[in-house]
Each structure stands twice: as C-alpha cells, then as structure tokens.
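Asker: Once you've had a glance at the structure underneath, I'll fire off some questions.
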Amino acid sequence: MEALEAILTRRSTRRYKKEIPDKELINKVIEAGRYAPSGSNSQTTHFIVFTDEAVLAEMAELVCGEFAKMEIKEDTYISLKNSINAARKGGYVFHYGAPVYIVTANKKDYGNAMADSACALENMMIAANALDLGSCWINQLHWLDKNEEIRKFMYRYGLNEDETITGGLIIGYPESGEPVREPLERKGNPVTWAN
C-alpha cells in the first residue's frame, strides 16, 4: 500500500476478533511508532504493550471503576463524559476487547511529550492499516494519568514514576475481516493559504 493511500484510508476500528496478530506484525506497528519524529530527536516515548487477555480484562474493570467515581461538570470534554456515563452503567470495556493495547508514555515536564507520542501513535495507526490490521486511538488511561490506582497498576507493567501516560492504541484483526477504508467526508480542518 502506498503511503498516501495508507493515510487517506485509515479509519478507527472498534470491533475485533479475539485472535492476536503475529508478534512480527505487532513489532512492525511498534517500529513505525519508534521511528516517529521527536523534539530534538529525544526518542523518549515509551511503548508498553499488553496482549494478555486476563490483564486487559483486569485493566478494563479497574478503569470502569475509576471512571464511575468521576464527577461530570458542565465543561467536561464530551468523550470523557461518555466514558464516565458508560462506566456508571457498568461493564465498560474502554479498549473494545481488542487483543493488543499499546500504551504510550513520555517524560513528565517534557514540553514535547504529547506531540512526540501523537506522532508515534499516528505512525502506528498508518502502519496497522497498511498491514490490514484495525486500530483505534484510546485516550482513557491518559485521562486517568493522575489517578493513584491506575498509576499503581501501570507501575506493575513498566510505567516509570517520571513518566506521564500520553495515549494508547488498540490493534487487531477487524471483526469484519479487513479494516473499513471507506472515505469520510471532511467537515472540518480548514485550510488557509496565507499568500
């Protein structure tokens, strides 16, 4: 698949087969993230990879419980509000049951932490599409980054105390067989030519 085609046909996948992709495919996706640009070539984005179904289920239960405790305010971001409401209903599986969840973290107080991680996540989503894998950016752990219970859980799996959770990506084989690649109409992201 040509690079531009992989970018323009990438869509988020929220239904997955339970089958875990071959480790070689997962590593290709991660390598795409590792080769993303970073401020001053710092290369400080940390990739924490989860593939154990029991650990992912434990994480989902913990996240559901912590979101259910949160207060919704008038200015609460819509996706965060949706997560809180879903958690309050119970059984909220924020990672859609995908067999692979890659969490990104970066250094606390590093000015490019989010930008570097966003570049890595985008690279991984494009690579997943090119490899016929579904993917979806997952922000719930980022929203819970300061939550003591979440941090304790993540420390067990490699998060360092000097790191902040910047995002995450789920990947796997789409339930439908292949990723959905139908074009979506652009309704935003305006362009202004200044000359």
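In this note's numbering, each residue's number is its place in the sequence shown (first place is 1) plus 6. Ideal placement from N, C-alpha and C gives every residue a C-beta, glycine not left out. The structure presented is a predicted model; accordingly, all values stated were derived computationally and were not measured.
Going by DSSP, which residues form a beta bridge with residue 140?
Answerer: 178
Asker: What is the rounded straight-line gap between the Cα of residue 60 and the Cα of residue 135?
Answerer: 26 Å
Asker: Rounded to whole angstroms, what's the CA-CA distance from residue 73 to residue 67? Just pull it up for me.
Answerer: 10 Å
Asker: Who are residue 22's beta bridge partners in DSSP?
Answerer: Beta-bridge pairing links residue 22 to 180.
Asker: With residue 87 as the anchor, note down where its beta strand (DSSP E) starts and where it stops.
Answerer: For residue 87, there is no enclosing beta strand (DSSP E); the enclosing alpha helix (DSSP H) covers residues 84-95.
Asker: As a quick exercise: from 201, 191, 123, pick the residue whose alpha carbon is nearest that of residue 2.
Answerer: No answer is possible for residue 2: it lies beyond the span of the chain, which begins at 7 and ends at 201.
Asker: For the alpha helix (DSSP H) that residue 186 lies in, which residues bound it at each end?
Answerer: Per DSSP, residue 186 belongs to no alpha helix (DSSP H) and is neither H nor E.
Asker: With a threshold of 7 Å on Cβ separation, who are the neighbours of residue 133 within its own chain once the five nearest residues in sequence on each side are excluded?
Answerer: 34, 35, 38
Asker: Between which two residues does the alpha helix (DSSP H) containing residue 29 stretch?
Answerer: 29-40
Asker: Starting from residue 107 and walking both ways along the beta strand (DSSP E), at which residues does that stretch end?
Answerer: 106-113
Asker: Assuming the contact rule is C-beta atoms closer than 8 Å, residue 127 and residue 143 should be a hit. Round their C-beta distance to whole Å, please.
Answerer: About 6 Å separates the CB atoms of residue 127 and residue 143; that is less than 8 Å, so the two are in contact.
Asker: Give the C-beta separation of residue 17 and residue 185 to the nearest angstrom, bearing in mind that I take them to be a contact with Cβ-Cβ under 8 Å.
Answerer: The Cβ separation is near 6 Å, so the contact holds.
Asker: Can you tell me the Cα-Cα spacing of residue 178 and residue 25, whole angstroms?
Answerer: Going by the C-alpha atoms only, they are around 8 Å apart.
Asker: Take residue 129 and list the residues in its own chain whose beta-carbon comes closer than 6 Å to its own, dropping the five residues that flank it on each side.
Answerer: 38, 39, 42
Asker: Specify, as a first and last residue, the run of the beta strand (DSSP E) that residue 55 falls within.
Answerer: 52-56
Asker: Just to confirm my understanding: we take residue 31, look at its own chain, exclude 5 residues before and 5 after, and list those with CB closer than 6 Å. What are they?
Answerer: 137
Asker: Keeping to the same chain, check which residues put their C-beta closer than 8 Å to that of residue 202; ignore five residues upstream and five downstream.
Answerer: Coverage of the chain is limited to positions 7 through 201, which leaves residue 202 absent and any answer about it impossible.
Asker: Please list the terminal residues of the continuous alpha helix (DSSP H) segment that includes residue 65.
Answerer: 59-74
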